[in-house]
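Shown next, in structure tokens, is the structure this report addresses.
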Amino acid sequence: MANLLFDNLLGVHENETKPFLYLPDGATVTYQSFLEKSARMANALVDLGLSIGDRVAVQVEKSPEALALYAACLQAGLIFLPLNTAYTIDELSYFIENSGASLVVCDGGKVDDLKAVANRFGARMESLNADGGGSFADRARTMPAQFETVDREAGDLAVFLYTSGTTGRSKGAMLTHENILSNARVLVQEWRFTPEDVLLHALPIFHAHGLFVAANVVLASGGSMIFLPKFDLDQIIDWLPRATTMMGVPTFYTRLLGDARFTEELVAHMRLFVSGSAPLLADTHEQFEKRTGHRILERYGMTETSMNTSNPYDGERRAGTVGFPLPGVELKVTNPESGETLPDGQVGQIEVRGPNVFKGYWQMPEKTAEELRADGFFITGDLGKIDAGGYVHIIGRNKDLIISGGYNVYPKEIELFLDGQPGVLESAVVGVPHPDFGETVLGILIPQPDSQPDLEAIMERAKSALARFKHPRKLVLMRELPRNTMGKVQKNILREQYKGAYEI
Ligand code: MLC
Ligand code: AMP
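Residue 538, in the working numbering, is where the sequence shown stops; the numbers in between run on with no holes.
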């Protein structure tokens, strides 16, 4: 026995003294020292009484220590549950309760607010700060730098990633050791990552993109990363000359294109730019090539499946498409009503099957059965087609979802909040075009008879209920919502009517 994910991604680098992380202050973290950190943390987790399969809910700023905590959880056979740093206490409370987390690790500044929640659900609390300090770091420091890695097999759970749902309730997607390792390996191979690569990493590490696609690909190939706390244009421009590859959401690339310092010379040495998590406009793709001579490689994935398709490294990277299914991934386009496979060229729902597809939603067998077929195909909720050349196109979504700057916002969750506000009869939330975030959230309110909802007060209350990126950027009042003959709100009409809302 062995630990599938830890041994293959991390254990193999045990005695390597090469840099794993380059930090913005000029410091480096070698593989060896990173693994020592991980081992000390794994000892601390066991010392806290955690055992195999326990969930560790983590809401911390991006740092080498935050990444080492992921490694430590894998090594100790615990389930790592990373959470967006934008989540409010109300939102966190749900994740802690739903996951049954045994331990909550948060920034020191949040401990006071979160303590009551952790106590309520019987979880322990530790802190880990952006600078690597905090009670958990203190504990780990006193622990041995060796840890007897816990055995874990292909089908064992490694990570829970919560993803919102069309009903407004978040679901914990259960990812196994095999899911995560198989995807990292296939991406290394498809994108030609080697130990010589230096990836510019400016993504958050609490989602599939920053954690599985970016960090795991570097680990699986034995390369290095420039590990920046967040996307900061000046920092990116400064560090690009030292990178060979970069991954980002489309907003990264549109922001770079908006800066005159982003020139062909600056990135002449770069090997690869990858985009995903949201649609990359064909126009951005073309502008990028014009400016830099590089063609961005667009790929398509999601929380439940990690990566499904990718444009080719060597062949034509076709703008407006997400390329071909990755080796080992089967992809079909089906009729949403009958489930029958449609011929190429026809638009239908995208379904995928492969070692990358998750095990199901934590303690939600009905939800799992709705989306994950008995034969292993996962119904993505995305609409698309396969063209004559075999390229997959994402045409739209069968699920009511807004993607803002690469973060998913499920309208239902926001509507539930808005519906509960004084003076509001009902609401509809739609995504409208936004020059920076691609799409942004617009809230449409129907007042109760003879009422005038206080829009400012609603926005104020949103602060404690919803993460900032989910807040409607604008609230508008309407007399009634357009509905079809079945009584369903016609969001396409609302999207069309308000498509210029951001410009107003
Ligand atoms: C920040 N804000 C956002 C936002 N990010 N609002 C809407 N959408 C977002 N994505 C808020 C801030 O809190 C701030 O609020 C205001 O908007 C402007 O902030 P900013 O400083 O301009 O934003 P910044 O911090 O630079 O963040 C923007 C970003 C970031 C695009 C760099 O959101 C980001 O890193 N996104 C990546 C998301 C990601 O990794 N997704 C992968 C999911 S995995 P205020 O109060 O100041 O107005 C997945 C699977 C797959 O989808 O296929 O990969
Ligand atoms: P998440 O649940 O955060 O993992 O988001 C996954 C969703 O992001 C997918 O179901 C798609 O709708 C969308 N997505 C990811 N990559 C792309 C892409 N390259 N083009 C269009 N949509 C994408």
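The C-beta atom is built at its ideal place from N, Cα and C for all residues, glycine as well.
_Per-residue burial, H303 [other beta carbons within 10 Å of its own, 16 or more giving buried]_ = Numbered from 1 along the sequence shown, position 269 holds the residue referred to as residue 303. Exposed, since its Cβ has fewer than 16 Cβ neighbours within 10 Å.
_For G335, tell me which candidate among N442, A110 and I260 has the shortest Cα-Cα distance._
The count along the sequence shown starts at 1 and reaches residue 335 at position 301. That would be N442, whose Cα lies nearest to the Cα of G335.
*Anticipated Cβ contact below 8 Å, S198 with Y128, distance rounded*: On the sequence shown, residue 198 is found 164 positions in, with the first residue counted as 1. On the sequence shown, residue 128 is found 94 positions in, with the first residue counted as 1. About 11 Å; that fails the 8 Å criterion.
*Taking just the CA atoms, how far does D165 sit from L267?*
The sequence position of residue 267 within the sequence shown is 233, counting from 1. The sequence position of residue 165 within the sequence shown is 131, counting from 1. Roughly 21 Å between the two C-alpha positions.
*If you run the structure through DSSP and keep just helix, strand and coil, what is V386?*
Within the sequence shown, numbered from 1, the residue matching residue 386 stands at position 352. In this structure, V386 counts as strand in the three-state DSSP scheme.
_Is the beta carbon of A353 closer than 8 Å to that of E320?_
Residue mapping note: residue 320 aligns to position 286 of the sequence shown, counting from 1. Residue mapping note: residue 353 aligns to position 319 of the sequence shown, counting from 1. A contact, by the Cβ cut-off of 8 Å.
*Can the beta-carbon of K264 be found closer than 8 Å to that of K96?*
Locating residue 264 in the sequence shown gives position 230, counting from the first residue. Locating residue 96 in the sequence shown gives position 62, counting from the first residue. For K264 and K96, yes; Cβs fall inside 8 Å.
*When you compare only the Cα positions, how much space is there between L55 and V63?*
Numbered from its first residue, the sequence shown carries residue 55 at position 21. Numbered from its first residue, the sequence shown carries residue 63 at position 29. Whole-angstrom Cα-Cα distance: 5 Å.
*Whole angstroms is fine: what's the gap from A110's alpha carbon to E48's?*
Stepping through the sequence shown from its first residue, residue 110 is reached at position 76. Stepping through the sequence shown from its first residue, residue 48 is reached at position 14. The alpha-carbon atoms of A110 and E48 are separated by roughly 16 Å.
_Relative to the C-alpha of E530, which candidate in V463, K446, N163 and Y425 has its C-alpha closest?_
Locating residue 530 in the sequence shown gives position 496, counting from the first residue. It is V463.
*Is there contact between the stretch 484-498 and the stretch 239-256, where contact requires at least three CB pairs shorter than 8 Å?*
no
*DSSP state of R276, grouped into three classes?*
Your numbering for residue 276 matches position 242 in the sequence shown. Three-state result, R276: helix.
*Helix, strand or coil: which one does DSSP assign to M259?*
One-based indexing of the sequence shown puts residue 259 at position 225. M259 falls in the strand class under three-state DSSP.
*Identify every residue that forms a DSSP beta bridge with L306.*
Residue 306 sits at position 272 when you count from the first residue of the sequence shown. Answer by DSSP bridge pairing, in chain order: T279.
*Boundaries of the beta strand (DSSP E) in which I480 is found, first to last residue*: Residue 480 sits at position 446 when you count from the first residue of the sequence shown. Where I480 is concerned, the enclosing beta strand (DSSP E) stretches over G472 to P481.
*Considering only residues of the stretch 65-103, which uninterrupted alpha helix (DSSP H) runs meet the minimum length of 4 residues and lie entirely inside it, listed in chain order?*
DSSP runs (the alpha helix (DSSP H)) wholly in the stretch 65-103: 65-81.
*Give the DSSP-derived three-state secondary structure of V151 in the structure shown.*
Residue 151 sits at position 117 when you count from the first residue of the sequence shown. Residue state, collapsed to three classes: helix.
_Less than 8 Å between the beta carbons of L103 and A135, yes or no?_
Along the sequence shown, one-based indexing puts residue 103 at 69. Along the sequence shown, one-based indexing puts residue 135 at 101. No, Cβ-Cβ distance for L103 and A135 is not below 8 Å.
*Identify whether A491 lies in helix, strand or coil by the three-state DSSP scheme.*
Stepping through the sequence shown from its first residue, residue 491 is reached at position 457. Helix.
*Going by Cα to Cα distance, which pick from I330, L306 and P377 is closest to A316?*
Residue numbering aside, residue 316 sits at position 282 when the sequence shown is read from its first letter. Of the candidates I330, L306 and P377, the one whose C-alpha sits nearest the C-alpha of A316 is I330.
*V139 and L162 look like a contact to me (Cβ under 8 Å); what is the Cβ gap, rounded to whole Å?*
Mapped onto the sequence shown, residue 139 falls at position 105. Mapped onto the sequence shown, residue 162 falls at position 128. Indeed they touch by this definition, with Cβ atoms about 5 Å apart.
*Could you have a look at V301 and say whether DSSP puts it in helix, strand or coil?*
As a position in the sequence shown, residue 301 is number 267, starting the count at 1. Residue state, collapsed to three classes: coil.
*Could you pull the start and end residues of the beta strand (DSSP E) that S344 belongs to?*
Here residue 344 corresponds to residue number 310 of the sequence shown, with the count starting at 1. Taken as a continuous stretch (DSSP letters only), the beta strand (DSSP E) holding S344 covers S340 to S344.
*Answer yes or no: the CB of R203 versus the heavy atoms of ligand 2, is any distance below 7 Å?*
As a first step, residue 203 is located in the sequence shown; it is residue number 169 there, counting from the start. For ligand 2, not one heavy atom lies less than 7 Å from the Cβ of R203.
*In whole angstroms, what is the alpha-carbon distance linking R513 and Y532?*
Looking up residue 513 in the sequence shown gives position 479. Looking up residue 532 in the sequence shown gives position 498. So the alpha carbons of these two residues sit roughly 15 Å apart.
*asked:* Taking the alpha-carbon of G244 as reference, which of V232, Q66 and F261 has the nearest alpha-carbon?
replied: Stepping through the sequence shown from its first residue, residue 244 is reached at position 210. Among V232, Q66 and F261, the Cα nearest to that of G244 is on F261.
*State yes or no: is the C-beta of F181 within less than 8 Å of the C-beta of A73?*
Stepping through the sequence shown from its first residue, residue 181 is reached at position 147. Stepping through the sequence shown from its first residue, residue 73 is reached at position 39. Yes.
*Nearest-angstrom Cα separation, counted from L137 out to G168*: Locating residue 168 in the sequence shown gives position 134, where the first residue counts as 1. Locating residue 137 in the sequence shown gives position 103, where the first residue counts as 1. G168 and L137: Cα-Cα distance of roughly 15 Å.
*Secondary structure at L117, three-state DSSP: helix, strand or coil?*
As a working note, residue 117 is residue 83 in the sequence shown. Coil.
*N518 by DSSP, collapsed to three states: which one?*
Along the sequence shown, one-based indexing puts residue 518 at 484. If DSSP states are grouped into helix, strand and coil, N518 belongs with coil.
_Own chain residues within Cβ distance below 7 Å of E490, not counting five before or after_ = If you number the sequence shown from 1, residue 490 lands on position 456. Around E490: no qualifying Cβ.
_Can you tell me whether D416 is buried or exposed? The criterion is at least 16 other CB atoms within 10 Å of its CB, across all chains shown._
Here residue 416 refers to the residue found at position 382 of the sequence shown. Classification of D416: buried, given that the 10 Å Cβ count is 16 or more.
*Quick one: Cα of Y444 to Cα of E125, how far?*
The residue labelled residue 444 in the question sits at position 410 within the sequence shown. The residue labelled residue 125 in the question sits at position 91 within the sequence shown. Using only the alpha carbons, I get a separation of about 14 Å.
*asked:* If you measure between the beta carbons of F322 and L291, is that distance less than 8 Å?
replied: Sequence index remark: in the sequence shown, residue 322 carries index 288 (1-based). Sequence index remark: in the sequence shown, residue 291 carries index 257 (1-based). Cβ distance < 8 Å, so F322 and L291 count as in contact.
*Can you tell which of Q524, L117 and T355 has the C-alpha that lies nearest to the C-alpha of E332?*
Counting from one through the sequence shown, the residue named residue 332 turns up at place 298. Closest option to E332, Cα to Cα, is T355.
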